[in-house]
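Take a look at the structure below.
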Amino acid sequence: MKTLQRTLAIVKPDAVANNATGDILATIEANGFRILGMKMLHISKDEAEGFYAVHAGKPFFDSLTDFMSSGMVVVLALEKDDAIKAWRDLMGPTNPASAAEGTIRKKWGSSIERNATHGSDAEDTARFELSYFFAGYQLVH
Ligand code: CMP
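In the working numbering, the protein residues as written are 27 to 167.
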C-alpha cells in the first residue's frame, strides 16, 4: 500500500551555481511531488555539520560540510506517495558516475560530493531533516 509521505530535498551549491535550480524544480513538479515549502539559504559550516551529524567522523565529512556551506542552497519540503523512495529514485545514486540516464544526478552531478541534490534516506531522517529547516507553520497546510 502506498503512503503519503514527506521528504527533505536540497538543491546543492553546485547545482544552484550551474543555473540548474529551475530545471530541478520543474522535474520535481512534473514527477508529481507537491512542494510544501521552499527556501534559498546560505548555510554556515556549523549548520552544515548539524545537518550531516550522522556522517560526523567519516573521511568526507569536513569536505562535504565545507562544500555545503560554500554557496546558496535551495531546501524543499516535498510530499507524494512514498516520497522518500520516489525522490531518491528521481535523483539517482549518490555517485553520478553510476547514475542512469534521466536522473537528476546524471544530468547535473559531477562527483560523489558535487552531486547536485540531497534527499532523506528514511522516515526518521526525513522527520529530522524537515524540522531542521522548516517549522510546521512554514509548510503548506
Ligand atoms: P547526500 O545525499 O547529500 O548525503 C551525504 C553526502 O556525502 C552525499 O550525498 C555525498 O555528496 C557526500 N559524499 C562525499 N563522499 C562520499 C562517499 N564516499 N560516500 C557517500 N557520500 C559521500
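Heads up, the beta-carbon is just placed ideally off N, CA and C, and yes, glycines get one too.
Note that this is a predicted model, so its numbers are computed, not measured.
Residue i beta carbon near ligand 1 (any heavy atom closer than 6 Å)
i: Leu90; result: yes
i: Ile138; result: yes
i: His167; result: no
i: Asn45; result: no
i: His68; result: no
Classification of residue i by the beta-carbon crowding that lies within 10 angstroms, buried from 16 upward
i: Phe86; result: exposed
i: Ala74; result: buried
i: Lys65; result: exposed
For residue i, three-class secondary structure by DSSP
i: Met66; result: strand
i: Arg60; result: strand
i: Arg140; result: coil
i: Val166; result: coil
i: Ala112; result: helix
Residue i CB to nearest heavy atom of ligand 2 below 6 Å
i: Phe86; result: Absent from the structure shown: ligand 2. Ligands present: ligand 1.
Residues of its chain near residue i, where Cβ-Cβ distance is below 7 Å and the 5 sequence neighbours each way are ignored
i: Ser146; result: Thr33, Leu34, Ile110, Ala152 and Glu155
Sequence-distant residues of the same chain with beta carbon closer than 6 Å to residue i, five excluded per side
i: His81; result: Phe87
Quiz item: Considering only residues of the segment 63-106, which uninterrupted alpha helix (DSSP H) runs meet the minimum length of 4 residues and lie entirely inside it, listed in chain order?
Solution: 71-77 and 87-94
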